[in-house]
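Convert by adding 2 to the 1-based position in the sequence shown; the result is the number in my numbering.
Ideal Cβ placement from N, Cα and C applies to all residues, glycine included.
Following: one structure in structure tokens, then a few remarks.
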Amino acid sequence: MRVPVLIVLSLAASPLSATAAQTQAGATPHVAAPPADTIDSSMRHDIVAKLSDALRENYVFPDVGAKAAEKIGAALSAGDYDSLSDPSSFAARLSADVAAVAHDKHLRITAVDAPPPQAAGSAAELPRSEAGVVRADKLAGGVGYIEVIGFPPLPAFKPTIDKAMLALKGSRALIIDDRRNGGGSPDGVDYLVSFLVPPNRPIEINDIVAREPKTNTFKRQRFSSQPTPVSFAKIPVYVLTSKNTFSGGEELAYDVQTHKLGKIVGEVTGGGANPTGPVDLGHGLEASIPWGRPESPITQTNWEGRGVQPDVPVSAQDALTVALRKLGQKPAAEIASASLKQVFAPRSTPLPGSEAIARQFIAGLVSGNPDYASMTPEFASFNREHLPTLRQTFLLPLGAFRSIKFEDVGAMGGDEYRAAFANGAIIVDISLDAEGKVQGAMMRPAPAGQ
3 MRVPVLIVLS
13 LAASPLSATA
23 AQTQAGATPH
33 VAAPPADTID
43 SSMRHDIVAK
53 LSDALRENYV
63 FPDVGAKAAE
73 KIGAALSAGD
83 YDSLSDPSSF
93 AARLSADVAA
103 VAHDKHLRIT
113 AVDAPPPQAA
123 GSAAELPRSE
133 AGVVRADKLA
143 GGVGYIEVIG
153 FPPLPAFKPT
163 IDKAMLALKG
173 SRALIIDDRR
183 NGGGSPDGVD
193 YLVSFLVPPN
203 RPIEINDIVA
213 REPKTNTFKR
223 QRFSSQPTPV
233 SFAKIPVYVL
243 TSKNTFSGGE
253 ELAYDVQTHK
263 LGKIVGEVTG
273 GGANPTGPVD
283 LGHGLEASIP
293 WGRPESPITQ
303 TNWEGRGVQP
313 DVPVSAQDAL
323 TVALRKLGQK
333 PAAEIASASL
343 KQVFAPRSTP
353 LPGSEAIARQ
363 FIAGLVSGNP
373 DYASMTPEFA
383 SFNREHLPTL
393 RQTFLLPLGA
403 FRSIKFEDVG
413 AMGGDEYRAA
423 FANGAIIVDI
433 SLDAEGKVQG
443 AMMRPAPAGQ
């Protein structure tokens with residue numbers, strides 16, 4: 003049996019609220035159907051029709067979306083896809099064809115059980131994090147250091163980044179390590195940038211210009227600086243980048259640079275700007291369709307296709323060394339050797355009460371009678387709509403629910419559990435709001451051998 007990766011997510015966020023979060027837009031609630039073993043002619047026609055509709059109706063640039071739809075329609079009619087029966091091969095060809103028209107690094111088609119593509123270059127395996135925050139350290143000379151690898155929506159991100167930044171209070175300079183940051187939600191980026199803005203001089207940081215589906219009408223959402231529990235304004239700030247810095251990670255560097263809040267040290271970033279969301283194409287294929295574009299109030303544009311150009315161009319592996327040298331400190335290539343004291347690390351124990359809540363949540367989905375009162379209204383609404391599909395395609399084939407065990411802190415800042423069933427196991431990343439209600443969950447098959 004081929005089991006899909008299942009995403010069930012709701013964090014009370016707008017569509018402007020994913021890899022760590024995988025895309026700047028973040029994850030939109032959906033259930034991915036199991037992939038077909040092979041793609042036949044009727045499936046190819048259905049997939050191309052759905053993808054064409056999504057491009058025409060949702061893509062941020064309507065004229066480009068229409069041209070991309072025309073290209074794949076013509077290729078289908080010409081028989082160019084006839085030999086592509088493997089889902090991953092068909093997805094890769096569709097991605098190449100739309101990319102030839104759109105040149106948008108967030109626009110891609112994937113088979114739902116395929117490994118996620120690297121956003122920009124081949125990054126090493128990501129480290130443990132809590133809501134995207136890997137560590138915070140005090141270095142010699144009063145220098146603070148923090149590494150952030152992703153931006154979950156603000157309800158998950160804020161408590162963790164507040165804790166880490168408060169631990170760096172009093173720093174005379176700050177290094178933000180953005181080299182492994184794959185992106186996430188704009189409101190998380192906005193909040194981290196806010197730590198660098200003078201509290202008495204709030205600024206407009208960035209806008210998202212979003213297309214209304216099935217129209218050529220656009221709406222603008224403004225992201226402005228917010229109050230933070232501690233300020234790092236008016237001290238030297240260096241943001242470290244690499245070719246793997248992507249999407250929301252790039253926005254952090256771009257915002258810091260364009261607002262003159264600090265200097266960028268490292269490599270040109272990946273060049274993917276447009277916020278995106280998933281579209282189910284059926285038969286185990288899914289499209290990521292960008293529905294908006296960032297627009298800086300300073301430049302009236304963004305970093306799509308170009309990347310963020312560093313103020314101090316150096317290799318990513320030398321970025322920390324160069325930043326420390328510019329601050330008058332002893333160079334060090336790795337944070338472990340530069341750190342005097344690590345003041346933040348991801349949790350290693352579950353949040354109080356989360357195990358009981360996770361057990362109740364999973365048991366309720368399996369039985370078909372979840373306790374909707376234990377969920378936020380948005381998440382309850384999503385589960386009411388999708389519960390039959392969740393159970394039929396994902397949970398019931400696993401058999402009887404047996405037990406759960408805490409595995410690690412989750413990517414959304416919640417807790418990750420291994421849920422064991424009679425016929426297998428899944429990993430459940432469950433997130434709670436301030437009142438202890440389930441505000442989101444992500445599920446995926448447990449790795450083989452667990």
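query, result
"Looking only at its own chain, which residues have a Cβ that is under 8 Å from the Cβ of Gly143, when we skip the five neighbours before and after it?", "Arg174, Ala175, Leu329, Gly330 and Gln331"
"For Met3, which residues of its own chain have a beta-carbon under 7 Å away from its beta-carbon, when the five flanking residues on both sides are left out?", "Caution applies to Met3, whose pLDDT of 34 falls short of 50 and renders its modelled position unreliable; the model cannot decide the point."
"Pull up the CB-CB distance for Leu198 and Leu141, whole angstroms please, since I reckon it's below 8 Å.", "Not confirmed; about 18 Å, so no contact."
"Do you know offhand how far Glu306's Cα is from Pro292's?", "12 Å"
"With DSSP as the reference, please indicate the residues paired to Phe225 in a beta bridge.", "Asn208"
"Along the chain, where does the alpha helix (DSSP H) that runs through Lys165 open and close?", "Leu156 to Leu168"
"For Gln259, which residues of its own chain have a beta-carbon under 6 Å away from its beta-carbon, when the five flanking residues on both sides are left out?", "Ile266"
"Can you tell me the Cβ-Cβ gap for Arg308 and Gly273, rounded? I've got them flagged as a contact below 8 Å.", "6 Å"
"Between which residues of its own chain and Ala275 is the CB-CB distance below 6 Å, once the five residues before and five after are set aside?", "Pro296, Asn304, Trp305 and Glu306"
"May I have the straight-line CA-CA distance separating Arg213 from Gly294, to the nearest angstrom?", "6 Å"
"Can you tell me whether Leu481 is buried or exposed, with buried defined as 16 or more other CB within 10 angstroms of its CB?", "Nothing can be reported for residue 481: it is not among the residues displayed for the chain, which extend from 3 to 452."
"Measuring alpha carbon to alpha carbon, tell me which residue in Ser227, Lys236 and Arg110 is nearest Gly172.", "Lys236"
"Give the straight-line distance between the Cα atoms of Gly438 and Gly416, rounded to the nearest whole angstrom.", "11 Å"
"In the DSSP output, what is Val100 paired with across the bridge?", "Paired residues: none, contrary to the question."
"Kindly confirm or deny that the segment 228-246 and the segment 317-328 touch, where touching means at least three C-beta pairs closer than 8 Å.", "yes"
"What is the residue span of the alpha helix (DSSP H) that Thr323 lies within?", "Ala321 to Lys328"
"So which of Asp431, Ser339, Phe384 and Arg393 has the shortest CA-CA distance to Ala360?", "Asp431"
"Do you know how far the Cα of Arg46 is from the Cα of His285?", "9 Å"
"Can Ile428 and Tyr419 be called in contact, C-beta distance under 7 Å?", "no"
"Quick check: what's the CA-CA separation for Asp48 versus Thr391?", "20 Å"
"Output the distance between the C-alpha atoms of Ile41 and Met444, rounded to the nearest integer angstrom.", "27 Å"
"Determine the contact status of Ser187 and Phe153, defining contact as a CB-CB distance below 7 Å.", "yes"
"If you follow the beta strand (DSSP E) that Gly146 is in, where does it begin and where does it stop?", "Val145 to Val150"
"Three-state secondary structure (DSSP) at Gly186?", "strand"
"Check the C-beta distance from Pro312 over to Val270 and give it rounded, since I have them as a contact under 8 Å.", "7 Å"
"Restricting to Cα atoms, I'd like to know which of Phe248, Ala102, Pro352 and Gln228 is closest to Phe408.", "Pro352"
"Taking only three categories from DSSP, how would you classify Ile9?", "Reliability fails at Ile9, whose pLDDT of 44 lies under 50, so the model's placement of it is uncertain and no value is given."
"Hey, Leu168 and Pro231: beta-carbon distance below 7 Å or not?", "yes"
"Are Ala454 and Val50 closer than 7 Å when you measure CB to CB?", "Coverage of the chain is limited to positions 3 through 452, which leaves residue 454 absent and any answer about it impossible."
"Starting from Phe384, follow the alpha helix (DSSP H) in both directions and report where the run begins and ends.", "Pro379 to Leu392"
"Using CA atoms only, rank isn't needed, just tell me which of Gly146, Gly412, Gln394 and Thr301 is closest to Asn208.", "Thr301"
"May I ask you to report which of helix, strand or coil DSSP gives Glu214?", "coil"
"Rounded to whole angstroms, what is the Cα-Cα separation between His388 and Ala436?", "25 Å"
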